[in-house]
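Scroll down for the structure; my scribbles are underneath it.
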Amino acid sequence: MGRKKYLIVMAAGSGTRMGAEKPKQFIELGGKAVLQMTIEKFLKACPGIKVVTVLPEAHMEYWKAYCIDRNFSCPQTLVKGGITRFHSVQNALAKVPEGALVAVHDGVRPLISVEFIREMFEKAEAKPALIPVLPCVDTMKVLVRKGDELVTAEGQSVDRSVLYGAQTPQIFYSEILKDAYLQPFDTSFTDDASVVLKNGKNLSYLIGERFNIKLTTKDDLILAGAILSLSPSPCDASSR
Ligand code: C5P
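Residue numbers (our numbering): 36 to 275.
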């Protein structure tokens with residue numbers, strides 16, 4: 036029998052880059068909140084998965100009321116977010132036991148396929164830290180801001196062939212993730228993989244999905260709406 040599965044769904048961001056009146060995880064796409072769509076993908080992939088939802092303190096009652104209103108009755112442990120994503124994950128890990136497999140996923144990535152979630156969990160049984168990544172397709176520039184302008188950073192060149200973008204869900208043996216999150220905060224901790232790596236553990240990688248985008252700006256919402264309107268939906272199958 037495998038490890039018990041947990042999902043920590045990160046939804047405590049304020050969504051300021053979207054410029055909308057409510058955080059992007061609560062915006063509806065095709066009549067359903069982005070956060071509900073995201074959680075439902077995991078429930079479909081892994082029935083019985085334990086869900087820990089991290090929310091902004093100011094929206095905890097809003098989310099409870101939304102779930103009741105929509106008959107979205109999945110059992111969720113609700114946790115208050117922290118000042119950064121790192122602090123939000125720390126709060127959520129208090130609800131996860133050792134000996135489990137824990138997936139940390141951005142609540143604003145609803146386009147992930149059920150098939151990919153299943154594959155990640157299957158592979159993660161034998162990999163203590165499994166991270167989905169996508170090879171970089173754009174040419175990358177290292178720039179710095181000088182006043183209002185962007186200028187080339189001195190002596191910086193990047194070899195695109197070694198660059199990959201990290202996605203979520205990142206899946207870990209829970210004892211490894213809990214131990215890593217005992218470290219003091221560092222500004223380089225922009226995902227869970229960076230926290231685990233700094234704690235001296237090895238990471239394994241799997242090629243992620245193109246459509247598993249993080250809804251960040253208004254343009255992303257338009258893109259997501261367009262993808263969802265396609266029939267059959269490309270998100271029902273893996274987009275790799
Ligand atoms: O800010 P960023 O784009 O990295 O956020 C990624 C995810 O982390 C989002 O789903 C956001 O809601 C969540 N987050 C959080 N707590 C914070 C900041 C971000 O749960 N303090």
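Just so you know, even glycine gets a beta-carbon here, dropped at the ideal spot from N, CA and C.
Checklist entry - Would the C-beta of V89 count as close to ligand 1, meaning under 7 Å from any of its heavy atoms? => result Taking the first residue of the sequence shown as 1, we reach residue 89 at position 54. Within the cutoff, so yes.
Checklist entry - Among residues of its own chain, excluding the 5 on either side of Q125, which ones have a beta-carbon nearer than 7 Å to its beta-carbon? => result Position 90 of the sequence shown, counted from the start, is the residue given in the question as residue 125. Around Q125: G117, Y216.
Checklist entry - Taking buried to mean at least 16 other C-beta atoms within 10 Å of its own C-beta, is M72 buried or exposed? => result Position 37 of the sequence shown, counted from the first residue, corresponds to residue 72. Looking at its Cβ environment, which holds 16 or more other Cβ atoms inside 10 Å, M72 is buried.
Checklist entry - Which stretch, first to last residue, makes up the beta strand (DSSP E) that contains F207? => result To locate residue 207, count along the sequence shown from 1; it is residue 172. Boundaries of the beta strand (DSSP E) around F207: 205 to 208.
Checklist entry - Quick one: is E184 near chain D, going by C-beta distance under 8 Å? => result This model lacks chain D altogether; it includes just one protein chain.
Next on the checklist: According to DSSP, is Q218 part of a helix, a strand, or is it coil?
Outcome noted: Taking the sequence shown and counting its residues from 1, the one referred to as residue 218 is at position 183. Residue state, collapsed to three classes: coil.
Item to check | Extent of the continuous beta strand (DSSP E) to which R180 belongs | outcome: Indexing the sequence shown from 1 puts residue 180 at position 145. Its beta strand (DSSP E) spans residues 178 to 181.
Checklist entry - When you compare only the Cα positions, how much space is there between S223 and S229? => result As a first step, residue 223 must be located in the sequence shown, where it is residue number 188. As a first step, residue 229 must be located in the sequence shown, where it is residue number 194. Their backbone Cα atoms lie some 7 Å apart in a straight line.
Next on the checklist: Does the distance between the C-beta of A228 and the nearest non-hydrogen atom of ligand 1 fall short of 7 Å?
Outcome noted: Within the sequence shown, the letter at position 193 stands for residue 228. Answer for A228: no, Cβ out of range of ligand 1.
Item to check | With 16 other Cβ atoms within 10 Å as the buried cut-off, status of M155 | outcome: The count along the sequence shown starts at 1 and reaches residue 155 at position 120. So M155 ends up on the buried side.
Checklist entry - For V193, which of G48, Q202, C171, E210 has the nearest alpha-carbon? => result As a position in the sequence shown, residue 193 is number 158, starting the count at 1. Closest by alpha carbon: C171.
Checklist entry - In three-state terms, what does DSSP make of K40? => result By 1-based counting over the sequence shown, the position of residue 40 is 5. It is a strand residue.
Item to check | Own chain, CB closer than 6 Å to L128, minus 5 neighbours either side, in chain order | outcome: Residue numbering aside, residue 128 sits at position 93 when the sequence shown is read from its first letter. Here the set comprises K213, Y216.
Item to check | Beta-bridge partners of G200, as assigned by DSSP | outcome: Residue 200 sits at position 165 when you count from the first residue of the sequence shown. Partner(s): L169.
Checklist entry - Alpha carbon to alpha carbon, what distance is there between C109 and G83? => result Within the sequence shown, numbered from 1, the residue matching residue 83 stands at position 48. Within the sequence shown, numbered from 1, the residue matching residue 109 stands at position 74. Those two C-alpha atoms are separated by around 10 Å.
Checklist entry - Is it a yes or a no for the region 36 to 50 touching the region 131 to 141, going by three-plus beta-carbon pairs under 8 Å? => result yes
Checklist entry - Along the chain, where does the alpha helix (DSSP H) that runs through S123 open and close? => result Counting from 1 along the sequence shown, the entry for residue 123 is found at position 88. Segment 120 to 128, the alpha helix (DSSP H) holding S123.
Next on the checklist: Along the chain, where does the alpha helix (DSSP H) containing L263 start, and where does it finish?
Outcome noted: Position 228 of the sequence shown, counting from 1, holds the residue named residue 263. Segment 253 to 263, the alpha helix (DSSP H) holding L263.
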